[in-house]
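These notes concern the structure reproduced below.
Protein chains: 2
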Amino acid sequence: MFTYQYPHPAVTVDCVVFGLNDRELNVLLIQRDLEPHRGSWALPGGFIKMEEDLGAAARRELEEETSVRDLYLEQLYTFGAPDRDPRERVITVAYMAIVNLIEHPATAATDARNAAWFRADDLPKLAFDHAGILAMAMDRLRAKVRYDPIVFEFLPEKFTLREVQNIYEEILGMTLDKRNFRKKLLSTETLARLDEVEMDVAHRAAYL
Amino acid sequence: MFTYQYPHPAVTVDCVVFGLNDRELNVLLIQRDLEPHRGSWALPGGFIKMEEDLGAAARRELEEETSVRDLYLEQLYTFGAPDRDPRERVITVAYMAIVNLIEHPATAATDARNAAWFRADDLPKLAFDHAGILAMAMDRLRAKVRYDPIVFEFLPEKFTLREVQNIYEEILGMTLDKRNFRKKLLSTETLARLDEVEMDVAHRAAYL
DNA sequence: TAGGATAGCGTAGATTCTACACTATGTTCA
DNA sequence: TGAACATAGTGTAGAATCTACGCTATCCTA
């Protein structure tokens, strides 16, 4: 037991991890194995340790619950409504990250019954105020994508311009002009055109 | 005394309040009247109450310590390095705001020996990691000013274009072209030209 | 009343954004 | 094997925006 002269809130970290699979925007969720909201899907996260930095706590909880690691976490916002957790006052520091979904498979671990990637446009109901946290993360992601070439972080090494455009369109929720998009991308990024071509229905795509 | 099954950190809020005086960028600070760092200047802030929202706590602490109230606070970042406070683990949620300095005089109150506005380019040494918090707030302010007309929030009702330009230059730390600046400002803002003129050395200024 | 300080104003060139349509190549299926 | 289909790949013209830049009018002070 730990005693204090004044009341202290609990502090948690929660992670919104976006994963991309050449085409779809996904979000990493866990199925809770503890009360409250046992069985519900939620953002991975948990209580911080006293000697641990906030970012380190986020990374630890994420790995413990989903096995996902080695990513760049960025602080999103801190949520502290007095009644957001039924147990006690819990303040949560939310982090967000973007990864290549293929390189980061999700497997359930400690405190989670299950961990999985969900399509961003088809999510289950979330525990606590996690839907609100996720909504803010989506907003931030959309804003970020407009001036940051972060998208490339979660692309495989080889990709077609069509794929990149699909991703931008998925995130921004709008269609983009093909030529203008290529022009802009090629003017700002350093991409190399490869000889290889993809193999499927369409005829070919020069990998860049 | 309050006891918990697991250790809990303390949670505080801190406020970076920028004030503008037609010309200079100022920051609101308090002189601590309690240990640790007693006598040092610091950002206004303090411990949250258990039934209180984070933003409300920031507003309350700010008013208690400086008498400054009625402002728009925006969450900046949460700082939680394990050793940032010598007493115990303290996580602080930092807020920032911008006000018209004239309309918000600072007067010391609870927990503070003193409260005062300081020029942003001539600040005392700050307690804890408050210098780091302030630096981040400055960055955010600079970024914000570029696309947001927030500056007008802390201007008196009447002002000259020269004054606005001074403020932008002070915040951004660069000189701007007078004609281009006026053009842009007039194209985006709805300002009214007044008949009044200022009274001092220069000849006149049409208030907008 | 002469000199100094600042307000106020417009244009030309460069850059960037947007809208828009056709050809080339490979796949599939009859 | 060739006809129909799907997608990759490419350029230009007009609009809007950004930047650089110098002179005159007015008021104050000495």
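Protein chains in written order, with this note's numbering: chain P, 1 to 208; chain L, 209 to 416.
Note that CB positions come from ideal geometry on N, CA and C, so glycine has one too.
Because the structure is a prediction, the values reported are computed rather than measured.
Per DSSP, V16 (chain P) lies in no alpha helix (DSSP H) segment; the continuous beta strand (DSSP E) that holds it begins and ends at 10-20. The beta carbon of A127 (chain P) is closer than 8 Å to those of R32, P36, H37, S40, W41, A42 in its chain, skipping five residues each way along the sequence. Here DSSP, grouped into helix, strand and coil, assigns L369 (chain L) to helix. When secondary structure is reduced to three states using DSSP, A339 (chain L) falls in the helix class.
The DSSP-derived three-state label of A116 (chain P) is strand. In this structure, DSSP gives I167 (chain P) a helical state, which the three-state scheme calls helix.
Non-local C-beta neighbours of Q283 (chain L) in its own chain, meaning closer than 6 Å and more than five positions away in sequence, comprise Y303, ordered along the chain. Only residues of its own chain outside the window of five on either side were considered, and among them W41 have a CB closer than 6 Å to the CB of P124 (chain P), listed in chain order.
For E272 (chain L), the enclosing alpha helix (DSSP H) starts and ends at 262-274. According to the DSSP assignment, F47 (chain P) belongs to the beta strand (DSSP E) that extends over 45-47. Listed in chain order, the non-local C-beta contacts of V301 (chain L) below 6 Å within the same chain comprise V221, L262, T286, local neighbours out to five positions each way being set aside. For Q75 (chain P), DSSP records a beta bridge to P:Y95. Three or more Cβ pairs closer than 8 Å define a contact, and the segment 138-151 of chain P meets that threshold against the segment 167-184 of chain P. According to the DSSP assignment, L233 (chain L) belongs to the beta strand (DSSP E) that extends over 233-240. Residue pairing by DSSP places L126 (chain P) opposite P:W41 in a beta bridge. For the segment 126-137 of chain P, there are no residues whose beta carbon sits under 8 Å from a beta carbon of chain L. Judged by DSSP secondary structure, F2 (chain P) falls outside any alpha helix (DSSP H) and instead within the beta strand (DSSP E) spanning 2-4. Residue pairing of V90 (chain P) in beta bridges, as defined by DSSP: P:A10.
For a Cβ distance threshold of 9 Å, nothing in chain P lies close to I379 (chain L): the least Cβ distance comes to about 20 Å. By the beta-carbon neighbour count (other beta carbons within 10 angstroms, threshold 16), I310 (chain L) is exposed. For the segment 6-34 of chain P, the beta-carbon criterion of a distance under 7 Å to any beta-carbon of chain L is satisfied by Y6, P7, H8, P9, A10, V11. Going by DSSP, R390 (chain L) is part of the alpha helix (DSSP H) stretching over 386-396. At least 8 Å separates the CB of D329 (chain L) from every CB of chain P.
In its chain, beyond the 5 residues on either side, A305, V307 have a beta carbon closer than 6 Å to the beta carbon of L279 (chain L). Put simply, the segment 1-16 of chain P touches the segment 49-64 of chain P. At least three CB pairs are less than 8 Å apart. Chain order gives no chain P residues near Y303 (chain L), where near means a beta carbon separation below 8 Å; the closest approach is about 10 Å.
By the CB criterion at 8 Å, A314 (chain L) and A328 (chain L) fall outside the cutoff.
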